[in-house]
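K.L.:
For the sequence shown, my numbering assigns the number 305 to the initial residue and increments by one for each residue that follows.
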Amino acid sequence: MNDSRLPKVRAPGAEARLPWAMLLTISVVTFLVNGSAVALAPFLLDVSRDLGVTLGVAANLIALMSISWGVVSVTAGAASDRIGRGPVLVAPSSR
Numbered sequence: 305m306n307d308s309r310l311p312k313v314r315a316p317g318a319e320a321r322l323p324w325a326m327l328l329t330i331s332v333v334t335f336l337v338n339g340s341a342v343a344l345a346p347f348l349l350d351v352s353r354d355l356g357v358t359l360g361v362a363a364n365l366i367a368l369m370s371i372s373w374g375v376v377s378v379t380a381g382a383a384s385d386r387i388g389r390g391p392v393l394v395a396p397s398s399r
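1) If I follow the unbroken alpha helix (DSSP H) through A382, where does it start and stop?
2) Leaving aside the five residues before and after A363 along the sequence, list all residues of the same chain whose C-beta is less than 8 Å from its C-beta, in chain order.
3) Give the secondary structure of A343 by DSSP, where H, G and I count as helix, E and B as strand, and everything else as coil.
4) According to DSSP, is S398 helix, strand or coil?
5) When the Cα atoms are used, what is the spatial distance from T334 to V357?
6) DSSP on G390, reduced to helix/strand/coil?
7) L359 and S352: beta carbons closer than 8 Å?
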C-alpha cells in the first residue's frame, strides 16, 4: 500500500511542546554560560595572590577573558556559518 496517500497524523499538542523545549534549553545554556563567569568571583583573591597583582587587575583579567570569549564565539559562529562546523572545530587543534 502506498503510504503517501495516508493522512499525516501528529500527536496532540506536538507543536505546542517544541517552543517550550527550545525555551528551556536556551534558558539552561544561558544560565550555565553566565554562571561560569560569576563562579570566578570567589576566587579573585586567590587569583590576585597567585599572579602577584592587585585585586582590581585580577578582576580586569577575568573581565577581559569574558569579553574575548564573547568576541571569539561570535567570530567562530560566523566562520562556522560560512565554511561549516567541521573545519572551525578542527582548525585550532591542527598544526
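Where is the CB? At the ideal position from N, CA and C, for every residue including glycine.
P.N.:
Reading it off the structure:
1) Position 78 of the sequence shown, counted from the first residue, corresponds to residue 382. Counting along the chain, the alpha helix (DSSP H) containing A382 begins and ends at 359 to 387.
2) As a first step, residue 363 is located in the sequence shown; it is residue number 59 there, counting from the start. Excluding sequence neighbours, A363 sits near L348.
3) By one-based count along the sequence shown, residue 343 stands at place 39. The answer is coil: DSSP assigns A343 none of H, G, I, E or B.
4) By one-based count along the sequence shown, residue 398 stands at place 94. If DSSP states are grouped into helix, strand and coil, S398 belongs with coil.
5) Sequence index remark: in the sequence shown, residue 334 carries index 30 (1-based). Sequence index remark: in the sequence shown, residue 357 carries index 53 (1-based). Answer to the nearest angstrom: the Cα atoms are 31 Å apart.
6) Sequence index remark: in the sequence shown, residue 390 carries index 86 (1-based). Three-state DSSP puts G390 in a helix.
7) Position 55 of the sequence shown holds residue 359. Position 48 of the sequence shown holds residue 352. Yes, these two residues count as a Cβ contact at 8 Å.
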